[in-house]
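Engineer:
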Amino acid sequence: MISKLAQRTNNPAGNSTVALAIFLTSSIYAPPALAQESVAERVWSNSTELGWVFTYGNATTNSFNLRNVFEYTWVDADLNLEFGILRADSGDERFALGTEEAFEIIEPPVEPDTDRVYAKARYLRNVSDRFFWYGRVDVERDQPAGITFRLAPAGGAGNNWETPENIELRTGYGVGYSAGEMTFDGSNNYFGYQLFYEFDMKVNDNTDFDSSMTFDGSIMSMSNYRFHWANGIGVAINDRIALKASLRLVYRNDPALEEIDLESPSGAVLGNVIVSKKKLDAGFTTSLVINF
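Residues are numbered in this note's numbering as their position in the sequence shown, beginning at 1, plus a constant of 16.
#1: Please confirm if the segment 201 to 219 is in contact with the segment 231 to 244, defined as three or more CB-CB distances below 8 Å between the two stretches.
#2: How about Phe165 and Glu275: are their beta carbons less than 8 Å apart?
#3: To the nearest angstrom, how far is it from the Cα of Lys136 to the Cα of Arg264?
#4: At the level of alpha carbons, what is the spacing between Leu102 and Leu82?
#5: For Phe148 and Leu95, I'd like the C-alpha separation in whole angstroms.
#6: Using the C-alpha atoms, what's the distance from Thr301 back to Tyr189?
#7: Who are Thr64's beta bridge partners in DSSP?
#8: Can you name, in chain order, every residue of its own chain whose Cβ lies under 6 Å from the Cβ of Lys294, other than the five neighbours on each side?
#9: How long is the line joining the alpha carbons of Val305 and Thr115, rounded to whole angstroms?
#10: Could you tell me which of Lys218, Thr223, Phe212 sits nearest to Trp245, measuring between CA atoms?
#11: Going by DSSP, name the residue or residues bridged to Met229.
#12: Within the chosen definition, does the segment 244 to 259 reach the segment 269 to 285 through at least 3 CB pairs nearer than 8 Å?
#13: Pick helix, strand or coil for Glu197, following the three-state DSSP scheme.
#14: Could you say which of Leu286, Gly287, Ser292, Ala261 lies nearest to Asp270 if we only look at CA atoms?
#15: Around the Cβ of Tyr150, are there at least 16 other Cβ atoms within 10 angstroms (buried) or fewer (exposed)?
#16: Buried or exposed for Gly287, please, with buried defined as at least 16 other CB atoms from any protein chain shown within 10 angstroms of its CB.
#17: According to DSSP, is Ile253 helix, strand or coil?
#18: Would Ala298 count as contacting chain C if we go by Cβ distances under 8 Å?
#19: Going by CA-CA distance only, name the one from Val91, Glu87, Asp105 that's closest to Leu97.
#20: Check for me: the beta strand (DSSP E) holding Tyr150 runs from which residue to which?
#21: Could you tell me the alpha carbon to alpha carbon distance between Thr41 and Val91, rounded to whole angstroms?
#22: Can you tell me which of the three DSSP states Asp105 falls into?
#23: Rounded to whole angstroms, what is the Cα-Cα separation between Phe225 and Val251?
#24: For Met236, collect the residues of the same chain with a Cβ closer than 6 Å to its Cβ; drop the 5 residues on either side in sequence, then sort them by chain order.
#25: On the three-state DSSP scale, how would you describe Ala93?
#26: Taking only three categories from DSSP, how would you classify Val289?
#27: Starting from Gly174, trace the beta strand (DSSP E) in both directions and tell me its first and last residue.
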């Protein structure tokens, strides 16, 4: 309608009435049009994964995992915010204190075996259909790995690869800085590099598979590198709820140090020794996924 009125204004026969009609029509119809354009260009989504296992009695355990991913998308950019918690608590075996005739049963308190908390923020902007640049910040605490705190800002560029309609593949390459505080080692700061890939595949109408890996390391020490590899498969129950199984592997070629007891063959504690933690951590979780 607006275009027709605009054409009429180019006609010498037009007058001020037509101009007024254009103004009024634009005032009425422009806001909805802009709103529709805004909705089309900006899309947000949120996915929450939640899992919990609790046992009590002869065995006491409490395991909880939470992962939340929020994404805000523009026509040529997206903002991704993610945080997660993985915690597993268990109690040691009970024991008796006293004599055979008079004793008290002691129930050791439940203590954390695994305590991992992390958060990520990334802004990615597409320069073209095949090329993008990004900036990101990662924060984590990983008690079993000996990481009290780690902050890692990074930035770089990457490629969106041409794939079938049901598959998305993205690779990235960047540089950054890692500032960390280890439980036993102390400060661990370095400039580094970062490589990653993200793969998503829609297997069928109800099943999705996703895989991602981040490989990063220090440019000052080639032996100081690690990779984080995550894979998950989800099955939708309906539009909002799904079940998901995930496998997470973290490999650190230069793991943190820890102090452990040195015992004699008879079990007597002789002192302490300093050793490296294990290089590989693996975790398998099953979760209920709620999509918004």
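All C-beta atoms in this analysis are idealised placements derived from N, C-alpha and C, irrespective of residue type, glycine included.
Structural biologist: Let me spell this out:
#1: yes
#2: The count along the sequence shown starts at 1 and reaches residue 165 at position 149. The count along the sequence shown starts at 1 and reaches residue 275 at position 259. The answer is no: Cβ separation not under 8 Å.
#3: As a working note, residue 136 is residue 120 in the sequence shown. As a working note, residue 264 is residue 248 in the sequence shown. Near 16 Å, if we compare the C-alpha coordinates of Arg264 and Lys136.
#4: Translated into the one-based positions of the sequence shown, residue 102 becomes position 86. Translated into the one-based positions of the sequence shown, residue 82 becomes position 66. When rounded, the distance between both Cα atoms is 7 Å.
#5: Your numbering for residue 148 matches position 132 in the sequence shown. Your numbering for residue 95 matches position 79 in the sequence shown. So the alpha carbons of these two residues sit roughly 13 Å apart.
#6: Mapped onto the sequence shown, residue 189 falls at position 173. Mapped onto the sequence shown, residue 301 falls at position 285. Each residue's Cα considered, the two are about 29 Å apart.
#7: Reading the sequence shown from its first residue, position 48 is the one you call residue 64. BP columns for Thr64 point to Asn84, Ile306.
#8: Counting from one through the sequence shown, the residue named residue 294 turns up at place 278. Nothing meets the Cβ criterion.
#9: As a first step, residue 305 is located in the sequence shown; it is residue number 289 there, counting from the start. As a first step, residue 115 is located in the sequence shown; it is residue number 99 there, counting from the start. For Val305 and Thr115, the distance between alpha carbons rounds to 52 Å.
#10: Locating residue 245 in the sequence shown gives position 229, counting from the first residue. Considering only alpha carbons, the answer is Phe212.
#11: Start at 1 with the first residue of the sequence shown, and residue 229 comes out as number 213. DSSP lists Tyr213, Trp245 as partners of Met229.
#12: no
#13: For the purposes of this step, residue 197 is taken as residue 181 along the sequence shown, with counting starting at 1. It is a strand residue.
#14: Within the sequence shown, residue 270 is the residue found at index 254, counting from 1. The candidate whose alpha carbon is nearest that of Asp270 is Ser292.
#15: Stepping through the sequence shown from its first residue, residue 150 is reached at position 134. Buried, by the Cβ-count rule.
#16: Taking the first residue of the sequence shown as position 1, residue 287 is located at position 271. With fewer than 16 other Cβ atoms within 10 Å, it is exposed.
#17: Locating residue 253 in the sequence shown gives position 237, where the first residue counts as 1. It is coil, neither helix nor strand.
#18: This model lacks chain C altogether; it includes just one protein chain.
#19: Your numbering for residue 97 matches position 81 in the sequence shown. Cα-wise, what sits closest to Leu97 is Glu87.
#20: Here residue 150 refers to the residue found at position 134 of the sequence shown. From DSSP, the beta strand (DSSP E) with Tyr150 extends over 147 to 158.
#21: As a first step, residue 41 is located in the sequence shown; it is residue number 25 there, counting from the start. As a first step, residue 91 is located in the sequence shown; it is residue number 75 there, counting from the start. In this prediction, Thr41 has a pLDDT of 40, which is less than 50 and means its spatial position is unreliable; what the coordinates show is noted afterwards. Spanning the two alpha carbons is a distance of roughly 28 Å.
#22: Your numbering for residue 105 matches position 89 in the sequence shown. Strand.
#23: Within the sequence shown, the letter at position 209 stands for residue 225. Within the sequence shown, the letter at position 235 stands for residue 251. Taking the straight line from one Cα to the other gives about 9 Å.
#24: Residue numbering aside, residue 236 sits at position 220 when the sequence shown is read from its first letter. The residues are Tyr206.
#25: Residue 93 sits at position 77 when you count from the first residue of the sequence shown. Note: Ala93 maps to strand in three-state DSSP.
#26: For the purposes of this step, residue 289 is identified with residue 273 of the sequence shown, where counting begins at 1. In the structure shown, Val289 sits in a strand (DSSP, three-state: E or B).
#27: On the sequence shown, residue 174 is found 158 positions in, with the first residue counted as 1. It spans 163 to 176 - the beta strand (DSSP E) in which Gly174 sits, taken as one unbroken run.
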